[in-house]
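Enquirer: If you read the protein sequences in the order shown, they are chains A and B. For the first sequence, the positions run 1 to 432 when our numbering is used. For the second sequence, the positions run 1 to 452 when our numbering is used. Cβ atoms here follow ideal geometry from the backbone N, Cα and C, with glycine treated the same way. Shown below is the structure under consideration.
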Amino acid sequence: MEFSLTHKEHKPLQVNPIKHSQPMGATLAFLGVKDCMPLMHGAQGCASYTKVFFTRHFNEPIAVRNTSVSDITAVLDGGDYSILMAIENIQSKEKNIKPSMIGLHTTGLTETKGDDVRGVGMHIEIPYVFVNTPDYEGGMESGWALTVTAMIEQLTFSATEVKPNKLVLLPHLSMQPIEVEKIKALCEDFGFETYALPDLSTSLDGYWEEAQGKLSNGGITVEEIRSLATCATVISIGQSMKKSALALQKKNPSIEHLHFDHLMGLDSNDNFVDQLMKIRHTQPKPLIKRWRARLQDAMLDSHFLIGSSHFVITGEPDMLVGMCALIRSVGGTIEAAVSTTFSDVLHTIEAENVFVGDLEDAQRFFDKADMVISNFHAERILHSYHDTALVIRGFPNYEELGNQLKNDQLYEGSTYFLFEIANHLRKVKHEH
Amino acid sequence: MVSRAKIKELMNESACSHSKDKKPGEGCDKPKPGLAAGGCAFDGAQISLFPYADAVHLVHGPQTCLGASWETRETKTSYTGRDHTQMGFTTGITTNDVIFGGDKRLASSIDYVMENYKPEAIFVYSTCVTALVGDDMDMTCKLGSEKYGVPIVPVHAAGFIGSKNLGSRLAGEAVLEHLIGTKEPEFTTPYDINLIGDYNVTGDMWQYLPLFEKIGIRVLSSMSGDGRVGDIRTAHRAKLNVIVCAKSLITLTRKMQEQYAIPWISVSFYGKRDTSFAIREIVTALGCPELTARAEAVIAEAEAELETALIPYRQMFAGKKAVLNTGGNKAWSIASGLQDLGIEVVATSVAKSTQDDIDKAREYLGENGVLMTKPASEQGKIIDSTGAHILLAGGRSLYTAIKKKISFIDVNQEKKTSYGGYGGLLNLAEDLKYAFKNPVFANVGKPAPWEV
């Protein structure tokens, strides 16, 4: 079978899929807003699967409700009934629950029947954000991005003035909580007052506290989202987030937009730091310089192992692009980069094969691979490939612990990532 | 297609013990918007059928249905061919299919599966979107079946029809309609049974199947733990249906009784008492004195062996008290296991239990046991008043254990080992041993330097 990068599907089905759905990305994005109640509009299973999926990935309770559309309401209801009943039922059963916002996201079912989820908002007193996320379109990454755009469009107030040191980060779906925190911290080191939308770094970062809320635990507040348009700079990371940045710029044309496809490896981070230096007219903190030197050292230390190795990498487009760039920068050969969905940014990947597919497709290249980087679903398949190592990245990772604290971004995360893959390669390449 | 009449029938199952308490036509509870937790009908159908490792399970729907559900259950199989239970197949329909219908895509997907994987059968699951746009799955499956000469079974349990439980019932309907009675077994014995509703999660079935073999009970087919499609097709020749902890499949066994005159019993294999009781129930139902005698001998031997193995644990657990906060049949089945290990269960939760489960919990805990209806607020007080040493509950209750500085086991965590049968009790004992020994619950809750 020939694989090429196109919108067209090369087979009628998916076998061992890596793709996940838009509503799941929407749920996760809403979980990065403090005290938000993500409400999935569909049959109860979609939300139940989503809850289990993220609970097992993050090892944290996941607050998501659903409107449990039935076969009857699927036909008779235009959306008002199930959505309003859901909100009423939750509030009458749990009187002390005070959501800051309701994050309504649709599913394939409610999109097929064509509910008017915008109109329902007029009957709801709590701040309400809706987003159309059918699961027969796009993927988890686009669902997350659409949700961020919806929050900006529906919540953020227009502004004309900017606060010169205020910065908004728009991280893509695949960034784990610690990665958002590290990028925020770097920006703050440059003197920026930094906000991330969504902000998983304070909600799903795996901290322990007494009360386990029935709403999203931490994250950016609704008030902070409302006033985002007073920022001077918006930074989108990952091509999926570009549109969200443009939506924010529409609220205030004076905002400067910086875009980075990813923040992995020396080049992209040099570019990132360079841009921040130009805005703030300042040098980076000594520790940032130190981490750059460590990354240089890690590149040299690992180049021999990685440079003689072949990789198969699967994942969401924005994650894939960063990983491929970092591995290419130290000479690794990428046999196949398999993406969940199509994105223009995939054209920038340097690999023998770049295409949209599933693990059945990816598996055709496993024989040539010293290492597979994929979600946990590759693990069982790799049991029959004894000379191929595995590093688990992307959603979901049901088996490993501490996923929320895996950092692959910036000089620091890139350094650790190179060492991690080199050490795994050593086991399959030299221990025979 | 699935009809309203069929759903109504399944929701008013006459063989369910709680049906008698309901008004005529009231049936099972329907999901309430906002409050419905747990899986949908599709989820239930998939859980009930997925363990057939020799069949491919093809989900005809958009991305969430399979994308988020495959490879999530530890349903073990001894099948030596390609294990399809840990693989995912979905048509992953797109906008085009929603507009123009997904029949063509489904037909090509069936072709692809047959050409590349050659399974013994394909289960095709409808989902909300493909049910709503009205794909003619029955016809596509029928044509595929004729083309390839293997059963291609449509499973009509779209998520919006109802809860997980209803989906299991619909899976039972699909099996009854398309598979059972379509093949004759190579041979039969007077001791052939069908196991219904054990999915062999973490190998639960393998804890008790060796005992069956010793006694001479033959499992003709299973729905569906470690099952084969070829075997379930012969299920109509069994002498007895044995339901294992699964009320949802009562409809299937009732109908099999009506159509094939196969009686059924419902048992559980949690803990020593339940396991012995279950074996006795089965041999009694099969009605052969020789078999009963063999069963008694096997039970006696297994219990004696277990007793010896449990001695060190009993010493370790002497005087220990436990509070149990979990739902459904776990409320009494884990209690039973704990009691078998010599632990006193001072309270269990019945917040989400059926009347049957509540009665059973009362029976196991005795008069002084507390049946908690609001466990979240009650469990802390009960730990204080009884001096309980361990809390077995879901992750949300962890804080209670830490505050009270007692041990904790997350009973809802994905298990890797089985607690079933006699042997499973030893696994539970091991887990308890480590939980009692672990200082983490006392260590982790210490105040921070800035809080002192």
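I want to see whether chain B comes within less than 9 Å of Pro17(A), judged by CB atoms only; does it?
Expert: With 9 Å as the cut-off, Pro17(A) counts as an interface residue toward chain B.
Enquirer: Rounding to the nearest angstrom, what Cα-Cα distance links Ser397(B) and Asp359(B) in this structure?
Expert: Cα to Cα, Ser397(B) sits roughly 25 Å from Asp359(B).
Enquirer: Could you say if the segment 38-53 of chain B and the segment 320-338 of chain A meet the contact criterion of at least three C-beta pairs nearer than 8 Å?
Expert: Taking 8 Å as the limit for Cβ pairs, the verdict is that the segment 320-338 of chain A does not touch the segment 38-53 of chain B.
Enquirer: Output the distance between the C-alpha atoms of Val52(A) and Ile62(A), rounded to the nearest integer angstrom.
Expert: When rounded, the distance between both Cα atoms is 8 Å.
Enquirer: Give, in chain order, every residue of the segment 35-49 of chain B whose Cβ lies closer than 8 Å to some Cβ of chain A.
Expert: Listed in sequence order: Leu35, Ala36, Ala37, Gly38, Gly39, Cys40, Ala41, Phe42 and Asp43.
Enquirer: What residues in its chain sit with their C-beta under 6 Å from that of Tyr199(B), if we drop five residues either side in the sequence?
Expert: Hits under 6 Å: Pro51, Thr75 and Gly225.
Enquirer: Roughly how far, in whole angstroms, is the beta-carbon of Ala335(B) from the beta-carbon of Ala361(B), given that I think they are within contact range, below 8 Å?
Expert: Indeed, because the Cβ distance is near 7 Å, the residues count as touching under 8 Å.
Enquirer: For Phe448(A), tell me which candidate among Gly402(A), Glu420(A) and Arg328(A) has the shortest Cα-Cα distance.
Expert: In this structure chain A extends from 1 to 432, so residue 448(A) is not present and cannot be described.
Enquirer: In the structure shown, what three-state DSSP assignment does Ala336(A) receive?
Expert: It is a strand residue.
Enquirer: Check whether the Cβ of Asp103(B) lies closer than 9 Å to any Cβ atom in chain A.
Expert: No, Asp103(B) does not count as interfacial toward chain A.
Enquirer: Residues in the segment 54-69 of chain A with C-beta within 8 Å of chain B's C-beta atoms, listed in sequence order?
Expert: Taking 8 Å as the Cβ-Cβ cut-off against chain B, the residues of the segment 54-69 of chain A that qualify are Arg56, Pro61, Arg65, Asn66, Thr67, Ser68 and Val69.
Enquirer: Using 9 Å as the threshold, is the C-beta distance between Gly174(A) and Phe395(A) below it?
Expert: Note on residue identity: the sequence assigns Ser, not Gly, to residue 174(A). Yes.
Enquirer: I'd like to confirm the pairing. Which residues does DSSP put opposite Asn264(B) in its beta bridges?
Expert: A small correction: the amino acid at residue 264(B) is Trp; Asn does not occupy that position in the sequence shown. Answer is Asn241(B).
Enquirer: Quick one: grab the DSSP three-state call for Thr400(B).
Expert: Helix.
Enquirer: Pull up the DSSP beta-bridge partners for Gln413(B), would you.
Expert: Paired residue(s): none; Gln413(B) is not in a bridge.
Enquirer: To the nearest angstrom, how far is the alpha carbon of Ala121(B) from that of Leu195(B)?
Expert: Going by the C-alpha atoms only, they are around 20 Å apart.
Enquirer: Closer than 8 Å is the cut-off here; do at least three beta carbon pairs connect the segment 430-438 of chain B with the segment 400-416 of chain B?
Expert: The segment 430-438 of chain B, when compared against the segment 400-416 of chain B, does touch it at the 8 Å Cβ threshold.
Enquirer: What residue does the alpha helix (DSSP H) around Ala288(B) start on, and which one ends it?
Expert: Looking at the sequence provided, one finds Cys at residue 288(B) rather than Ala. Neither: Cys288(B) is in no alpha helix (DSSP H) and is coded neither H nor E.
Enquirer: Measuring alpha carbon to alpha carbon, tell me which of Asp97(B), Glu177(B) and Ile193(B) ends up nearest Gln259(B).
Expert: For the residues Asp97(B), Glu177(B) and Ile193(B), the minimum Cα distance to Gln259(B) belongs to Glu177(B).
Enquirer: DSSP state of Tyr208(B), grouped into three classes?
Expert: In this structure, Tyr208(B) counts as helix in the three-state DSSP scheme.
Enquirer: Can we say the segment 163-182 of chain A touches the segment 355-369 of chain A, given the rule of at least three CB pairs closer than 8 Å?
Expert: Judged by Cβ distances under 8 Å, the segment 163-182 of chain A makes no contact with the segment 355-369 of chain A, as fewer than three pairs qualify.
Enquirer: Please list the partners that Gln44(A) has in chain B, where partner means a Cβ-to-Cβ separation under 8 Å.
Expert: What Gln44(A) touches in chain B: Pro31, Ala36, Ala37, Gly38, Gly39, Cys40, Gly159 and Ser163.
Enquirer: Taking the continuous alpha helix (DSSP H) assigned at Leu320(A), which residues delimit it?
Expert: Unbroken alpha helix (DSSP H) run through Leu320(A): Pro317 to Ser329.
Enquirer: DSSP has Thr90(B) in a bridge; who is on the other side?
Expert: DSSP lists Gln14(A) and Val59(B) as partners of Thr90(B).
Enquirer: Would Ala74(A) pass as an interface residue toward chain B - the criterion being a Cβ-Cβ separation below 9 Å?
Expert: For Ala74(A), the answer is yes, since a Cβ of chain B falls inside 9 Å of its Cβ.
Enquirer: How should Lys8(A) be labelled, buried or exposed, when 16 other C-beta atoms within 10 angstroms of its C-beta is the threshold for buried?
Expert: When all chains shown are included, Lys8(A) counts as exposed.
Enquirer: Against chain A, does Met114(B) count as a neighbour if the rule is that its beta carbon must be under 9 Å from one of theirs?
Expert: Cβ-Cβ to chain A under 9 Å: no for Met114(B).
Enquirer: Which bits of chain A does Pro375(B) rub up against, with CB to CB less than 8 Å?
Expert: The contacting residues do not exist; Pro375(B) stays about 15 Å from chain A at best.
Enquirer: Return the bridge partner residues of Val356(A) from the DSSP annotation.
Expert: Val356(A) is bridged to Ser339(A).
Enquirer: Kindly list, in the order they appear in chain B, the residues whose Cβ is closer than 8 Å to that of Glu137(A).
Expert: Within 8 Å Cβ-Cβ: Thr94 and Thr95.
Enquirer: Would you check if the distance between the CB atom of Leu346(A) and the CB atom of Pro198(A) is smaller than 9 Å?
Expert: Contact: no.
Enquirer: Does the CB of Gly265(A) have a neighbour CB from chain B at under 9 Å?
Expert: Judged by the 9 Å Cβ criterion, Gly265(A) is not in contact with chain B.
Enquirer: Less than 8 Å between the CB of Asn66(A) and some heavy atom of the ligand GTP, yes or no?
Expert: The model on display carries no ligand, and the ligand GTP is accordingly not part of it.
Enquirer: From the beta carbon of Val52(A), is the nearest beta carbon of chain B less than 9 Å away?
Expert: Output row for Val52(A): interface = yes.
Enquirer: Could you please tell me which residues of the segment 127-141 of chain B, in chain order, have their CB closer than 7 Å to any CB of chain A?
Expert: Within the segment 127-141 of chain B, the residues whose Cβ lies closer than 7 Å to some Cβ of chain A are Cys128, Val129, Leu132 and Val133, listed in chain order.
Enquirer: Does the Cβ-Cβ distance between Ser385(B) and Gly203(B) come in under 9 Å?
Expert: Cβ distance not < 9 Å, so Ser385(B) and Gly203(B) don't count as in contact.
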